[in-house]
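Following: one structure in structure tokens, then a few remarks.
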Amino acid sequence: MSAIKLQGKAVSNRNGILILTSSQFSFNYKLGSADIKLKVNYHRDNNKSMHLNVMDNLHSLVVSGKVLYLGISDTPAWVTPFAVYQGSWNVMDRAFARDILPMAREHGMALCPWNILASGKLRSDAEEERREKSGEMGRDIKIDDNGWKRTPQEKTMSNALEKVAKEVGVEGSVSAVAIAYLLHKAPYVFPLVRGRKVEHMKEKIKALTISLSPEQIQYLAFEDYALPLCCGWRNQ
């Protein structure tokens, strides 16, 4: 909880809004001030967490003015209406687009996608070669035998992104185009980005300057680039 206290102290000095991703939505005292307005993304991997009592408590926090907006993560879309939805989504993994994306468009909801670069696997051939030569490598994702390296399908998708990057004037900026693709798919998309270096963040910010044509979006959406469509989260 010490981290939450530090966040509260920092925000109170700026008269800002604190965004929390936690089930600790009711513990304002841990922020060091009860006056800080919150945007809360309630995250739980359990259907029971959306019990009526929990929803009533969340609603009362909004009514009391302690929370401005409610979001939801990893919970079925039909449970309750929220202002923002957080989930795993990228140009390769499109299960998110089957029901979540249409729902967000229909109800004017915002989207906060994470895993937007497929665990860092969407990168150029030159970047992968540079990492291997320098010994920097990358995150060792223990989900297949490739480790930090890309699968053939991830390479194909990365090459498609690199082609579009060259067309829009950001040659080599694979990650920027991957993020821009998501920004073009719905009115209110706020990707959750991360990076180990300042240049990583600068690269991602380029996405805000990219305008993709309908033809480029269709090209990136080509089925051969995507992961096989599964039956969906909680039903796999």
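full-length UniProt numbering puts the last residue of the sequence shown at 236; the count rises by one with no breaks.
In this text, a Cβ means the ideal position worked out from N, Cα and C, and glycines have one as well.
Check: My assumption, with CB atoms under 8 Å, is that residue 182 sits in contact with residue 114. Please give the rounded CB distance.; Outcome: Actually they are not in contact, since the Cβ atoms of residue 182 and residue 114 sit about 11 Å apart, beyond 8 Å.
Check: Locate the alpha helix (DSSP H) running through residue 152, then write down its first and last residues.; Outcome: 152-167
Check: Answer with buried or exposed for residue 208, where buried requires no fewer than 16 other C-beta atoms within 10 angstroms of its C-beta.; Outcome: exposed
Check: Do residue 122 and residue 175 come within 8 Å of each other at the CB atom, strictly closer than that value?; Outcome: yes
Check: Could you check what DSSP says for residue 102 in three-state terms: helix, strand or coil?; Outcome: helix
Check: On the DSSP bridge assignment, give the partners of residue 110 in chain order.; Outcome: 84
Check: Is the segment 189-197 touching the segment 156-167, taking contact as three or more C-beta pairs under 8 Å?; Outcome: no
Check: Please report the straight-line C-alpha distance between residue 170 and residue 59, rounded to a whole angstrom.; Outcome: 44 Å
Check: Exposed or buried, which one is residue 216 when buried takes at least 16 other CB atoms within 10 Å?; Outcome: buried
Check: Over what stretch of residues does the alpha helix (DSSP H) that includes residue 245 continue unbroken?; Outcome: The chain is shown from 1 up to 236; residue 245 falls before or after that span and cannot be answered.
Check: For residue 174, which three-state DSSP category applies?; Outcome: helix
Check: Following the continuous alpha helix (DSSP H) through residue 219, name the residue where it begins and the one where it ends.; Outcome: 214-220
Check: Helix, strand or coil for residue 68, going by three-state DSSP, please let me know.; Outcome: strand
Check: Which class does residue 63 belong to by DSSP, given the choice of helix, strand or coil?; Outcome: helix
Check: Quick check: the Cα distance between residue 222 and residue 57, rounded to an integer number of angstroms?; Outcome: 44 Å
Check: Alpha carbon to alpha carbon, how far is residue 93 from residue 134?; Outcome: 30 Å
Check: Just grab the DSSP bridge partners of residue 189 for me.; Outcome: 111
Check: Using the C-alpha atoms, what's the distance from residue 178 back to residue 213?; Outcome: 14 Å
Check: Between residue 104 and residue 85, how many whole angstroms is the CB-CB distance? I'm expecting something under 8 Å.; Outcome: 6 Å
Check: Going by the beta-carbon positions, is the gap between residue 210 and residue 168 smaller than 8 Å?; Outcome: yes
Check: Just to confirm, are residue 173 and residue 206 a CB contact at a threshold of 8 Å?; Outcome: yes
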